[in-house]
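Peer 1: My questions all concern the structure below.
Residue numbers (this note's numbering): 4 to 391.
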């Protein structure tokens with residue numbers, strides 16, 4: 004893989020088109036707001052997160068940017084961050100790198116590995132080749148995708164590009180960002196299950212029994228509460244690889260906090276550095292989402308290889324915040340005058356139920372063979388909850 008391919012792939016949503024039209028995933032009131040002592044970012048792309056933020060600000064439903072700007076201007080950034088979070092919304096106060104590293108959650112993140120790969124059951128499960136020796140590297144591997152919003156979907160989309168059968172498991176009551184959902188669903192199937200019901204939980208157990216990998220991006224503890232924690236999954240399917248993606252990691256005071264790429268860039272110092280501490284300026288990509296997604300796919304493949312050699316069930320853990328710490332450690336280059344890369348030769352087109360799609364092809368080669376997606380993105384819940 005060359006650097007140009009990687010750079011374009013990290014911003015693939017900028018080049019994604021449906022019948023020639025691009026996408027804007029940002030809701031009207033999502034954005035950065037000045038406070039009495041700095042800045043806070045509100046993430047309101049899901050309606051219930053928007054409603055929670057407005058309620059925390061004491062604003063009526065339907066309030067716009069001007070009202071939010073006035074409400075934020077009279078309060079501190081951390082106060083707003085905590086109030087919105089307590090109301091069930093998503094917010095982040097802008098911090099410097101030093102402030103984040105001194106923060107209890109920043110210290111907790113620093114103790115985590117970039118990709119945690121652990122065996123859960125001492126190698127008791129039967130060894131499995133995990134698709135090795137077949138056509139594409141992951142031919143024959145079955146993946147359950149319980150993720151949303153870039154990082155997890157990029158991971159499972161990558162696995163699909165290398166031959167895995169990927170079945171997305173969503174639900175009617177779980178919102179999606181339409182354009183992002185389409186652009187990250189190439190090569191997958193999609194079913195809907197309500198895991199809060201006896202029937203939905205039973206159907207997921209049946210799917211898990213036939214799966215090799217399960218990738219999930221629920222908040223830490225949420226799937227365990229529904230009876231689908233890593234240990235329970237390994238009990239249903241000895242030899243499973245469980246990949247857990249979170250915003251802030253599974254330890255520390257923020258372990259269960261909702262988060263997205265733009266919020267983590269705010270709290271960890273990236274947006275602070277980009278704007279010289281005067282105002283937020285994030286990196287020119289959802290770099291934490293994409294990096295964590297590719298690292299998660301890599302972790303899943305590594306665990307499959309270890310399963311084939313050692314047996315056992317495996318757990319892979321990643322977080323956007325830990326990815327941010329790793330990227331921060333790589334140093335700096337002055338990229339201000341770097342021209343936009345040429346993309347035309349890296350794009351593909353495909354017909355779908357949504358229209359004619361233009362997309363960035365999966366990057367790189369493996370032993371000279373290019374990854375590819377065997378089919379277009381499905382509609383939400385288009386398929387039955389069954390393997391094929």
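In this text, a Cβ means the ideal position worked out from N, Cα and C, and glycines have one as well. Only a predicted model underlies this, so the values are computations on that prediction, with no experimental measurement involved.
Would you give the residue range spanned by the beta strand (DSSP E) that residue 361 belongs to?
Peer 2: It spans 358 to 363 - the beta strand (DSSP E) in which residue 361 sits, taken as one unbroken run.
Peer 1: To the nearest angstrom, how far is it from the Cα of residue 311 to the Cα of residue 317?
Peer 2: When rounded, the distance between both Cα atoms is 11 Å.
Peer 1: Going by beta-carbon coordinates alone, are residue 36 and residue 29 separated by less than 8 Å?
Peer 2: The answer is no: Cβ separation not under 8 Å.
Peer 1: Find the nearest neighbour of residue 67 within the set 78, 34 and 101, judged by alpha-carbon distance.
Peer 2: Here the closest residue by C-alpha is 34.
Peer 1: Contact defined as beta carbons within less than 8 Å: I believe residue 296 pairs with residue 164. What is the distance between those atoms, to the nearest angstrom?
Peer 2: Contact flag wrong, Cβ pair sits at about 12 Å.
Peer 1: Among the candidates 270, 85, 281 and 363, whose CA atom is the shortest distance from the CA of residue 327?
Peer 2: Taking only the C-alpha atoms, the option nearest residue 327 is 270.
Peer 1: State the Cα-Cα distance for the pair residue 148 and residue 159, rounded to the nearest angstrom.
Peer 2: Roughly 7 Å between the two C-alpha positions.
Peer 1: Run the CB neighbour count on residue 260, radius 10 Å, all protein chains shown included, and call it buried at 16 or more, exposed below.
Peer 2: By the neighbour-count rule (16 or more Cβ atoms within 10 Å), residue 260 is buried.
Peer 1: Give me whichever residues DSSP pairs with residue 121 in a beta bridge.
Peer 2: Paired residues: 318.
Peer 1: Output the distance between the C-alpha atoms of residue 91 and residue 62, rounded to the nearest integer angstrom.
Peer 2: Residue 91 and residue 62: Cα-Cα distance of roughly 15 Å.
Peer 1: Applying the criterion that 16 or more other CB atoms from any shown protein chain within 10 Å of the CB defines a buried residue, is residue 4 buried or exposed?
Peer 2: Exposed is the call here.
Peer 1: With H, G and I counted as helix, E and B as strand and the rest as coil, what does DSSP make of residue 160?
Peer 2: Residue state, collapsed to three classes: helix.
Peer 1: When you compare the CB of residue 76 with every CB in chain B, is at least one pair closer than 8 Å?
Peer 2: The displayed structure is made up of one protein chain only, and chain B is not part of it.
Peer 1: Would the beta-carbon of residue 146 fall within 8 Å of that of residue 215?
Peer 2: Contact flag set, yes.
Peer 1: Excluding sequence positions up to five away, which residues of its chain have a Cβ less than 6 Å from the Cβ of residue 249?
Peer 2: 223 and 322.
Peer 1: Ends of the alpha helix (DSSP H) at residue 297?
Peer 2: Unbroken alpha helix (DSSP H) run through residue 297: 290 to 313.
Peer 1: When you compare the CB positions of residue 281 and residue 273, do they come within less than 8 Å of one another, or not?
Peer 2: The answer is no: Cβ separation not under 8 Å.
Peer 1: Cα-Cα, which of 185, 18, 48 and 78 is closest to residue 31?
Peer 2: Comparing Cα positions, the closest option is 48.
Peer 1: Are the segment 75 to 95 and the segment 227 to 234 in contact at 8 Å, needing three or more beta carbon pairs?
Peer 2: Flag = no, the segment 75 to 95 and the segment 227 to 234 do not touch.
Peer 1: For residue 7, tell me which candidate among 348, 256, 353 and 360 has the shortest Cα-Cα distance.
Peer 2: Per the Cα distances, 348.
Peer 1: Just the Cα atoms here: how many angstroms apart are residue 134 and residue 355?
Peer 2: In this predicted model, residue 134 has a pLDDT of only 49, less than 50, meaning its place in the structure is not dependable; the value taken from the coordinates is given anyway. Each residue's alpha carbon lies about 28 Å from the other.
Peer 1: In the DSSP assignment, find the unbroken beta strand (DSSP E) run with residue 271 in it and report its ends.
Peer 2: Where residue 271 is concerned, there is no enclosing beta strand (DSSP E), although the alpha helix (DSSP H) it sits in stretches over 264 to 271.
Peer 1: My output table needs one value for residue 93: the three-state DSSP class, helix, strand or coil.
Peer 2: Three-state DSSP puts residue 93 in coil, outside helix and strand.
Peer 1: Please return the same chain residues whose Cβ sits closer than 6 Å to the Cβ of residue 268, not counting the five positions on each side in sequence.
Peer 2: Once the five neighbours on either side are set aside, the close Cβ partners of residue 268 are 274 and 285.
Peer 1: What are the boundary residues of the alpha helix (DSSP H) that includes residue 331?
Peer 2: Segment 323 to 331, the alpha helix (DSSP H) holding residue 331.
Peer 1: How would you label residue 333, buried or exposed, when you count the other beta carbons within 10 angstroms and need 16 or more for buried?
Peer 2: That one is exposed.
Peer 1: Look up residue 9 in the DSSP assignment and say whether it is helix, strand or coil.
Peer 2: Looking at residue 9 - three-state DSSP - the assignment turns out to be helix.
Peer 1: Return the CA-CA distance between residue 388 and residue 212, expressed in angstroms with no decimal places.
Peer 2: Approximately 12 Å, taken between the alpha carbons.
Peer 1: How many angstroms separate the CA atom of residue 59 from the CA atom of residue 288?
Peer 2: Those two C-alpha atoms are separated by around 29 Å.
Peer 1: Would you decide whether residue 123 is buried or exposed? Buried here means 16 or more other CB atoms lie within 10 Å of its CB.
Peer 2: By the neighbour-count rule (16 or more Cβ atoms within 10 Å), residue 123 is buried.
Peer 1: Starting from the Cα of residue 51, find the closest Cα among 87, 308 and 24 and give me that residue.
Peer 2: Looking at the Cα atoms, 87 is the closest of the given residues.
Peer 1: Using 10 angstroms around the beta-carbon of residue 246, count the other beta-carbons present and answer buried if the total reaches 16, otherwise exposed.
Peer 2: Buried is the call here.
Peer 1: Based on Cα-Cα distance, which residue from 380, 114, 76 and 151 lies nearest to residue 264?
Peer 2: For the residues 380, 114, 76 and 151, the minimum Cα distance to residue 264 belongs to 151.
Peer 1: Could you give the distance in angstroms between the alpha-carbon of residue 38 and the alpha-carbon of residue 283?
Peer 2: For residue 38 and residue 283, the distance between alpha carbons rounds to 12 Å.
Peer 1: Could you tell me if residue 176 is buried or exposed, where buried requires 16 or more neighbouring beta carbons within 10 angstroms of its beta carbon?
Peer 2: Residue 176 should be labelled exposed.
Peer 1: Exposed or buried, which one is residue 341 when buried takes at least 16 other CB atoms within 10 Å?
Peer 2: So residue 341 counts as exposed.
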